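Have a look at the structure below before the remarks.
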Amino acid sequence: MFSAELREKAEGLVGRYPEGRSALLPLLHLVQAQDGYVSDDGIKECAQLLALSKAEVMGVATFYSMYKRAPMGRHLVSVCTNFSCEVRGGQAVYDRLSGHLGVGHNETTADGAITLEHAECLGNCEGAPVVTVDYFNYECRTPDTAMELVEQVRNGEVPPPTRGYASAGIRDVEYRLAGLGPRHAAEPGVIPDQATADDAAPPTDDAGPGVTWKTVMAEAPRGNGAEAPEGGGAEERGPEGLEPESGAGEHDYGGASRQRDEPTQPTQPRPPAEPAGNDDQPVER
Amino acid sequence: MVEPVAVLSKRYGLADGHTLSGYLASGGFAGLRASLGMAPADVLEAVKASGLRGRGGAGFPTGLKWGFVPQDLGRPVYLVINADEGEPGTFKDRELMERDPFLVLEGMIIAARALSCHRSFIFLRGEYLWPGVRLEEAIAEAYAEGWLGKDILGSGFDFDVTLHYAAGAYICGEETALLDALEGRRGQPRLRPPFPAVAGLYASPTVVNNVETIATVPCIIEQGVDWFRSMGTEKSPGPKLFCVSGEVERPGNYEWPLGTPARAIIEKSCGGMLPGRNLKFWAPGGSSTPLLTADHFDIAMDFDTIAEAGSLLGTGGMMMFSDRTSVVDAVLNWTKFYEHESCGKCTPCREGTFWLSQILQRIVDGQGRTKDLQTLDDICDNIFGRSFCAFADGAVSPIKASLKYFREEYEHLVDHGVRQAGIDPAHAGVVTRNSGQDRSRAGART
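From first to last, the protein sequence lines are chains A and B.
The first sequence runs 71 to 355 under this note's numbering.
The second sequence runs 851 to 1296 under this note's numbering.
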């Protein structure tokens, strides 16, 4: 599942914490760095790395909104619709982008360029309405300037954000969110773990061999984004595949998108609440 | 006359304040140096004497929290920084981490030594990518120059910091849910006791502190308890970063002493409400704090005064809304947020937020029924104080407060199916500014 390079990184992540299970959230980001979403194979591999059941890993993966259940496009565009952005036009921005791109919440355009989502408060209310591209913030977007931004992103000309650098893609950002620092030499920042026994020097910049979303997409079989284990592989093309012909990921709702899109419903079906685990004590009042 | 201060925000105007050289050139690490000349127990006493209260929302006395950590359990002590800033309307920690990451690190090192802690984690919300990059760089520089790692400044004190990006869940701002998330689980709150100070991360003694709280520690050690207490009020001493958003001329982070009247912050720092708009309702510290009205505009922004007025200072995230905005629209927006973010562990919150959203949506859609208002009240009463954690209390705060102060807006919607005259429909009118517009901040910059 993980490439050899990423498998080695994954094992390093597990060793970074006093208890290895703490690496699960970073590992799930690493799965997304490779597959663009939390794939079944990714879940299996995380379970194996951490000696957990697939169900436990899946339980964690479905709890957090940054973990996606279907492959993301090259870029993730998020629009904040919490009230401080809303009162300055956040919902209008979301509606315009949704109508223009023809996709709703957590859906991806047919050309595989953009996944759109609405987001809860992104902590940038002074720049309302805020749009992020791969979690880099673009402040004070009107519907028009948000459209401009999205068109530039779609054409591969990501402009510099209000703070940060122009993103090469969501997968590269997910690599950093896994705690592995910058994916490419040109990006600022360093691997954020320095807890080494003997060496207080910073690690060398860990630039990979220029893996971009394009190489990932080219190498991985469409549909599950993973290197096929023997016998698994190409037959496992699921509905999340990005082949343009299948139409998966594009829903040409046009103006009807608002009827099916319920922006503030939970994005992923939440499993029923877990039965009490460690906290198996009656609540005292 | 109260004036803004520039304690936490003193480097915000510097181009290189986020770099080690810029930090040192502007007086950075003076607090750490001073603390290394003190016994760890004396550092703890200083923080206790300062009266510093947590800036993450609860306002719990920081020194008291540190004092709960037992040193003799034979387990390591952990320090976890809560950088999961998710409270709607709150963005103070974001800017602090972006512009002055070394201040956060300095506070962590001072605190860790006082706690005999050698390992720490910064639990950073996953959406805060740029703060993360800044922290990555700062941590690397700190290690390279001996401010982190082994034998810091020749003191014999070892200390490691791990930056940990989270994955999108508001509930992980609750400290015990945060610890579960940091352990690689679903972020659900834990039963207390035991409290994290005794059994927290990996069942070991753990202090969880907010970013702004820990960043306030260096100035207490550097400039002294008396200096710190000269700002603010007796029970709420010190400086505070207030984040103002909503329908004001200049939203942003502004640093003032605790106890500053809300009006001073809004009028002097933010240029008042937008033209043609009068303050109608506002939240003093994020959406989880009960709404206040224009009658409260002169209230002192400190923990106790706001509590006496029936609300909470919370994070100090002030969200200001005008007479052109429907309270019911705001409340629906926030209730859906809480419904979405409920962890699902307990029935009153999981089911209750769902019902509340449904009813509010019906009211906003013009399908409200008279008895809906009583039902909303009843559901809120069955949630508040009856759920597993304070999330649920926050979830019902907007509804309870708005029914108390703005019942006629609800009644108008229920009786007539439309909002009152003069109130913009939801989503109407984009009110924005050029991104390049200079935004006033506290202290040295205007």
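Heads up, the beta-carbon is just placed ideally off N, CA and C, and yes, glycines get one too.
All of these numbers come straight from a predicted model, not from anything done at the bench.
- Under the 8 Å criterion on CB atoms, A/H170 is classed as non-interfacial with respect to chain B.
- By the CB criterion at 8 Å, B/P1107 and B/G1082 fall inside the cutoff.
- The criterion of a C-beta distance shorter than 8 Å is satisfied by B/E1191 and B/A1019.
- The continuous alpha helix (DSSP H) containing B/R944 extends over residues K942 to R949.
- When 7 Å is used as the limit between beta carbons, B/Y1020 is near these residues of chain A: E190, in chain order.
- Residue-level contact check: A/A93 touches chain B, since one or more beta carbons of chain B fall below 8 Å from its beta carbon.
- For B/H1266, the enclosing alpha helix (DSSP H) covers residues R1257 to H1266.
- A straight-line Cα-Cα distance of about 14 Å links B/V897 and B/R905.
- Restricting attention to A/S148, A/T178 and A/G172, the CA atom closest to the CA of A/A140 is found in A/T178.
- The beta carbon of B/S1095 sits closer than 8 Å to some beta carbon of chain A.
- Legend: CB atoms of the segment 928–951 of chain B lying less than 7 Å from CB atoms of chain A belong to residues E935, G936, P938, G939, T940, F941, R944 and E948.
- Runs of the beta strand (DSSP E) spanning 3 or more residues and lying entirely within the segment 101–151 of chain A occur at 145–150, in chain order.
- Contact of A/H99 with chain B is assigned, a C-beta pair being separated by under 8 Å.
- Between B/A964 and B/S970, the gap from beta carbon to beta carbon reaches 8 Å or more.
- Among the residues of the segment 180–209 of chain A, those with a Cβ less than 8 Å away from any Cβ of chain B are A189, E190, C191, L192, G193, N194, C195, E196, G197, A198, P199, T202, D204, Y205, F206, N207, Y208 and E209, in the order of the chain.
- A check of alpha carbon separations from B/S876 across B/G863, B/T1063 and B/K1254 identifies B/G863 as the nearest.
- Of the residues assessed, B/M1170 falls on the buried side of the cut-off, its CB having 16 or more other CB atoms within 10 angstroms.
- When 7 Å is used as the limit between beta carbons, B/R1035 is near these residues of chain A: V130, in chain order.
- Where A/E187 is concerned, the enclosing beta strand (DSSP E) starts and stops at I184 to A189.
- A residue is called buried once 16 or more other Cβ atoms fall within 10 Å of its Cβ, and A/Q102 is buried on that count.
- With the rule of 3 Cβ pairs closer than 8 Å, the segment 1011–1018 of chain B counts as touching the segment 972–981 of chain B.
- According to the DSSP assignment, B/F1171 belongs to no alpha helix (DSSP H) but to the beta strand (DSSP E) extending over G1167 to S1172.
- Within the same chain, T185, D204 and I240 come within 6 Å of A/L146 by CB-CB distance, once the 5 residues on both sides are set aside.
- For B/D1010, there is no enclosing alpha helix (DSSP H); the residue is part of the beta strand (DSSP E) that begins and ends at D1010 to Y1015.
- B/K1254 is classed as exposed because its beta carbon has fewer than 16 other beta carbons within 10 Å across all chains shown.
- Look at the beta carbons and you see the segment 159–178 of chain A not touching the segment 109–128 of chain A: under three pairs across the two are nearer than 8 Å.
- Under the Cβ distance rule, A/P229 does not count among the residues neighbouring chain B, no pair being separated by less than 8 Å.
- With its beta carbon less than 8 Å from one in chain A, B/H1014 belongs to the interface.
- The residue among B/G982, B/T912 and B/H868 with its C-alpha nearest the C-alpha of B/D950 is B/H868.
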